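Take a look at the structure below.
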Amino acid sequence: MKERIGVFICHCGRNIAGTVDVEKVAEVISKHPLVVHCETYVYMCSEPGQKLIMDAIKNKNLTAVVVAACSPTLHYETFARVVEAAGLNRYKLEIANIREQC
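Throughout the sequence shown, residue numbering follows the numbering used here, covering 45 to 146 in sequence.
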C-alpha cells in the first residue's frame with residue numbers, strides 16, 4: 045500500500061517562523077509524491093492545531109504524519125496521542141525539529 049503522508053509545519057509563533065520560511069517549506073514539501081496533505085499553523089501543539097492534524101488524518105486517509113515543529117522532547121507525547129486518537133499507530137509519526145535545529 046502506498047503511503048499517504050501528511051506534513052504539518054508549525055510556526056511556533058515567531059520562534060520558528062522568524063527564522064524559517066514555513067510557507068516556502070510547505071510549498072516545496074507538498075510536491076513530494078507521497079505527501080498528500082501539507083499544512084502550516086501558528087501553534088501546532090495547541091488544541092486547534094491538534095484538531096487540525098486529527099481531522100486531516102481522518103478526512104485525507106493519512107497513513108503517516110510528519111510534524112515539523114519544536115523538539116520531540118517537548119511534544120512527542122502530545123502528537124503521539126493525537127495520531128492515536130485519529131486511528132494511527134504512534135510509530136507512524138515523525139517529528140522534525142525545525143526550531144532548535146535550524
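Note that beta-carbon positions come from the ideal geometry of N, C-alpha and C, so glycine has one too. It should be emphasised that the depicted structure is a prediction, and the values quoted were computed from it without experimental measurement.
| Check | Outcome |
| --- | --- |
| Whether I49 touches A108 by CB criterion (8 Å) | yes |
| Residue(s) in a DSSP beta bridge with L137 | V109 |
| For E83, the residue or residues it bridges with in DSSP | F52 |
| Cβ shell of L96 (< 8 Å), same chain only, five flanking positions each side left out | F52, E83, Y85 and M88 |
| Straight-line gap, E67 to C54 (C-alpha atoms, nearest Å) | 10 Å |
| For G93, the three-state DSSP class (helix, strand or coil) | helix |
| Residue closest to H119, alpha-carbon to alpha-carbon, out of M98, I139 and R58 | I139 |
| Anticipated Cβ contact below 8 Å, K102 with A130, distance rounded | 6 Å |
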